[in-house]
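Asker: Chains as they are written, first to last, in the working numbering: chain A, 33 to 137; chain B, 33 to 137. Mind having a look at this structure? Questions to follow.
There are 2 protein chains.
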Amino acid sequence: MDTMLKTLGEPRRCEIIRLVWSTEMPATEIANHFPDVTRSAISQHLGVLRRRGLVNERRDGTRRLYSVNQGEIAKLKAFIDSFWSNSLEKLRDLAESHEQLKGPE
Amino acid sequence: MDTMLKTLGEPRRCEIIRLVWSTEMPATEIANHFPDVTRSAISQHLGVLRRRGLVNERRDGTRRLYSVNQGEIAKLKAFIDSFWSNSLEKLRDLAESHEQLKGPE
DNA sequence: CTTATATGTTAGCAGTTCCTTACGTAAGCA
DNA sequence: TGCTTACGTAAGGAACTGCTAACATATAAG
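Rendered as structure tokens:
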């Protein structure tokens with residue numbers, strides 16, 4: 033999970049995720065959205081995202097079309113949510129241990 | 033937001049957030065949860081978390097008690113959620129432009 | 001077959017990050 | 001006042017990261 037957070041902590045990688053969130057897009061078109069860095073830099077970011085399983089790659093002729101693996105991002109969402117739900121769990125455990133002291137109702 | 037993702041991408045910082053999520057805790061006690069690194073390393077992580085506004089510091093004698101600023105983490109939660117809601121927004125915009133082509137119902 | 005397009009990969013460098021060691025400081029206690 | 005506890009901070013180094021430039025490969029077009 034730390035890995036995923038780190039991966040998305042890179043602004044361009046995070047932006048790529050947004051770009052291909054709902055529509056697959058070839059590498060060159062993705063790179064065109066980042067005029068301030070070379071295509072190579074974006075290709076390397078795509079490689080990281082692919083290896084981390086955050087995007088899927090589909091080949092079509094010479095092109096490679098990327099799309100988001102929303103399931104992986106859903107894991108991140110669940111992880112963030114777990115900060116809250118785990119604290120609820122702690123409260124529940126605390127309540128239970130209180131009940132044990134008092135005996136069951 | 034990239035900053036927050038990067039900040040939590042560090043495993044120990046992420047763990048610190050969990051530690052002080054629902055109960056404030058003095059720096060030394062936090063450091064004791066990480067036997068593999070020095071207290072200095074943890075102090076530096078706490079400094080980062082404080083500067084980023086992710087934790088609050090309260091002084092009590094020589095101790096410094098840290099607690100999570102849940103509001104900041106809530107922003108991250110909202111950001112992750114926005115990946116989904118923004119794609120809904122795009123669908124809505126798409127539907128609207130279709131209606132313009134057809135004329136209003 | 002030759003050329004152009006789309007893309008990944010490698011080498012290498014500058015900047016950043018996380019760590020340790022050593023030191024500084026402020027509050028309590030003798 | 002001197003010692004101890006609880007902490008932050010500074011200096012410096014090893015490892016990691018993101019970038020560019022140059023090269024490799026594969027498909028398509030002529």
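Glycine included, C-beta positions come from ideal geometry on N, C-alpha and C.
In whole angstroms, what separates the C-alpha of R45(B) from that of R44(A)?
Answerer: Translated into positions along the second sequence, residue 45(B) becomes position 13. Translated into positions along the first sequence, residue 44(A) becomes position 12. Their backbone Cα atoms lie some 23 angstroms apart in a straight line.
Asker: Would you call E65(B) buried or exposed, if buried means 16 or more other Cβ atoms sit within 10 Å of its Cβ?
Answerer: Here residue 65(B) refers to the residue found at position 33 of the second sequence. The question names Glu, but residue 65(B) in the sequence shown is His. Exposed, by the Cβ-count rule.
Asker: Reducing DSSP to helix, strand and coil, say where V52(B) ends up.
Answerer: Residue mapping note: residue 52(B) aligns to position 20 of the second sequence, counting from 1. In this structure, V52(B) counts as coil in the three-state DSSP scheme.
Asker: So for P136(B), helix, strand or coil by DSSP?
Answerer: Taking the second sequence and counting its residues from 1, the one referred to as residue 136(B) is at position 104. Caution applies to P136(B), whose pLDDT of 44 falls short of 50 and renders its modelled position unreliable; the value that the coordinates give is listed next. Three-state DSSP puts P136(B) in coil, outside helix and strand.
Asker: Using the three-state DSSP reduction, which class does V69(A) fall into: helix, strand or coil?
Answerer: Residue numbering aside, residue 69(A) sits at position 37 when the first sequence is read from its first letter. Looking at V69(A) - three-state DSSP - the assignment turns out to be coil, as it is neither helix nor strand.
Asker: Assuming E56(B) and L97(B) make a contact with CB atoms under 8 angstroms, what is their CB distance in whole Å?
Answerer: By one-based count along the second sequence, residue 56(B) stands at place 24. By one-based count along the second sequence, residue 97(B) stands at place 65. Right, the Cβ-Cβ distance comes to about 4 angstroms (below 8 angstroms), so this counts as a contact.
Asker: Can you tell me the Cα-Cα spacing of R84(A) and V69(B), whole angstroms?
Answerer: Walking along the first sequence from the start, residue 84(A) turns up at place 52. Walking along the second sequence from the start, residue 69(B) turns up at place 37. When rounded, the distance between both Cα atoms is 27 angstroms.
Asker: I'd like to know whether the C-beta of G41(A) is nearer than 8 angstroms to at least one C-beta of chain B.
Answerer: Start at 1 with the first residue of the first sequence, and residue 41(A) comes out as number 9. Interface residue, yes.
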